[in-house]
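Colleague: Numbering (the numbering used here), first residue to last: 8 to 381. A virtual CB, placed ideally from N, CA and C, is assigned to each residue, including glycine. Remember, it's a predicted structure, so these values are computed and weren't measured experimentally. To start, I am sharing the structure in question, which I have written as structure tokens.
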């Protein structure tokens, strides 16, 4: 029997039984819609099909806008024709799927849940979430860390009570093994109230006034009118990406130098056509200046390690005849490039530009002079 909308005027226990029966029935029809496995047993490819279909079911449960063909292609790693066949399997298994049009494209969404307890979080799910909490807190983003921590608590509440004690022990052991619980390294101390107000302004689309301490003189600069766009968080220094009303351009504001934030009642809209990912991709790190054509040559004995690095979104790697590797990209931020090159020691040579090579030589000389002075 195919699942349909649950009958009206039923109690919660009956509805739960109906939903559970729908889930089992749906999975059974999905199985019938898949190509038959060879008699010798289930292949790895067939397992992958099941995994993809279950992930799509979970997406249908969790997304109010449903899924489209592009989602199926991405989840299953297949081409459009195969994705359409997988969609047909879902439609046969779940006739209650509702078709929704978005312009020329179609999406399908699920109004009533069918999976119930199978959506309970796994140990790996909660470990990943708690790992993100630890990393965010270490990087200074306490607000987002608190939100994810609350989400983790809600997911744990969905676990069966008898399974929680062992689950907690396993989770703690997994996080400690990952090195997340006690993550070493320096970080900036950020004012939680300042970050909280900025987050409020970003979500609300409001202008803010910033009181900030200048980097060169240490003097205060008051009431800087800024349209906040996003946080730039990670290792080292933390920044706010914002539109300066005075300079009429998007720039970076160092969070540790902010001494006050006032959220204004005026609405702020990003500059038309502004793309944050594209804007950030112009830089190596956070420095903003004129972009350069960068070329680094790495020694052959670190070539394998270099190939595993993503130095820049637009990087191009070339294997040389002597076994060395050349990395090329276009970006600004020469100082941050030099800081990164330090960690490669004598295994890297700056081929271009001349300005980067000279800046690197100056920084090496300054570091050597500091050792001589000691």
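To the nearest angstrom, how far is the alpha carbon of residue 258 from that of residue 369?
Modeller: So the alpha carbons of these two residues sit roughly 27 Å apart.
Colleague: Does the beta-carbon of residue 235 have 16 or more other beta-carbons within 10 angstroms, so that it is buried, or is it exposed?
Modeller: Buried, because 16 or more other Cβ atoms sit within 10 Å of the Cβ of residue 235.
Colleague: State the Cα-Cα distance for the pair residue 98 and residue 130, rounded to the nearest angstrom.
Modeller: Taking the straight line joining both Cα atoms gives about 31 Å.
Colleague: Under 8 Å, with one C-beta from each stretch per pair, do the segment 299-306 and the segment 267-282 reach the 3-pair mark?
Modeller: Touching, no, given that fewer than three Cβ pairs across the two stretches are closer than 8 Å.
Colleague: Is there contact between the segment 255-271 and the segment 214-232, where contact requires at least three CB pairs shorter than 8 Å?
Modeller: Because the criterion of three Cβ pairs below 8 Å is met, the segment 255-271 and the segment 214-232 touch.
Colleague: Quick check: the segment 70-87 against the segment 109-117, are there 3 or more CB pairs under 8 Å?
Modeller: Yes: the two stretches touch, three or more of their Cβ pairs being nearer than 8 Å.
Colleague: Assuming residue 84 is part of the beta strand (DSSP E), what are its boundary residues?
Modeller: Counting along the chain, residue 84 falls outside any beta strand (DSSP E), and DSSP gives it neither H nor E.
Colleague: Short of 6 Å in beta carbon distance, which residues of its chain neighbour residue 252, apart from the five on each side in sequence? Order them along the chain.
Modeller: Closer than 6 Å at Cβ, skipping near neighbours: 232.
Colleague: Write down every uninterrupted run of the alpha helix (DSSP H) in the segment 336-381 whose length is 4 residues or greater and which is fully enclosed by it, in chain order.
Modeller: Complete alpha helix (DSSP H) runs here, min 4: 341-349 and 361-380.
Colleague: Mind listing, in chain order, the continuous alpha helix (DSSP H) runs of no fewer than 4 residues lying wholly within the segment 255-326?
Modeller: Those alpha helix (DSSP H) runs which fall completely within the segment 255-326 and span 4+ residues are 283-288 and 310-314.
Colleague: Any C-beta of chain B sitting closer than 9 Å to the C-beta of residue 197?
Modeller: Protein chains in the displayed structure number just one, and chain B is not present.
Colleague: Can you tell me which of 198, 262, 212 and 248 puts its alpha carbon nearest to the alpha carbon of residue 221?
Modeller: Selected option, being the one with the closest Cα: 262.
Colleague: Which residues in the same chain have their Cβ closer than 7 Å to the Cβ of residue 364, if we skip the five residues on either side of it in sequence?
Modeller: Within the same chain, residue 364 has close Cβ partners 357.
Colleague: If I measure Cβ to Cβ from residue 150 and keep anything under 6 Å in the same chain, skipping five residues before and after, which residues do I get?
Modeller: If we look at residue 150 and ignore the five residues flanking it on each side, its Cβ neighbours are 202, 203 and 206.
Colleague: Who does residue 157 pair with in a DSSP beta bridge?
Modeller: Partner(s): none; residue 157 has no beta bridge.
Colleague: Buried or exposed for residue 321, going by 16 or more other Cβ atoms inside 10 Å?
Modeller: With fewer than 16 other Cβ atoms within 10 Å, it is exposed.
Colleague: Just how far apart, CA to CA, sit residue 135 and residue 343?
Modeller: Computed Cα separation, rounded: 30 Å.
Colleague: Tell me whether residue 73 is buried or exposed, calling it buried when 16 or more other Cβ atoms sit within 10 Å of its Cβ.
Modeller: So residue 73 ends up on the buried side.
Colleague: In angstroms, rounded to a whole number, what distance separates the CA positions of residue 38 and residue 92?
Modeller: Confidence in residue 38 is poor, its pLDDT being 49 and thus under 50, which makes the residue's placement too unreliable to answer from.
Colleague: Does DSSP put residue 221 in a helix, a strand or coil?
Modeller: Three-state DSSP puts residue 221 in coil, outside helix and strand.
Colleague: List the DSSP bridge partners of residue 134.
Modeller: In the DSSP output, where bridge partners are listed per residue, residue 134 has none listed.
Colleague: Skipping 5 residues on each side, what residues in its chain have a beta carbon closer than 6 Å to that of residue 323?
Modeller: Correct list, in chain order: 335.
Colleague: Strictly by DSSP, which residues pair up with residue 74?
Modeller: Paired residues: 115.
Colleague: Give the straight-line distance between the Cα atoms of residue 366 and residue 148, rounded to the nearest whole angstrom.
Modeller: Taking the straight line from one Cα to the other gives about 33 Å.
Colleague: Expressed to the nearest angstrom, what Euclidean distance is found between the alpha-carbon atoms of residue 197 and residue 281?
Modeller: If I take the Cα positions, the gap works out to 27 Å.
Colleague: Measuring CA to CA, which of 71, 94 and 374 is closest to residue 118?
Modeller: Of 71, 94 and 374, the residue nearest in Cα terms is 71.
Colleague: In chain order, what residues of the same chain lie with their CB nearer than 6 Å to the CB of residue 140, ignoring the 5 residues before and after it?
Modeller: 152, 155 and 156.
Colleague: Would you kindly report the start and end of the unbroken beta strand (DSSP E) that includes residue 328?
Modeller: Counting along the chain, residue 328 falls outside any beta strand (DSSP E), and DSSP gives it neither H nor E.
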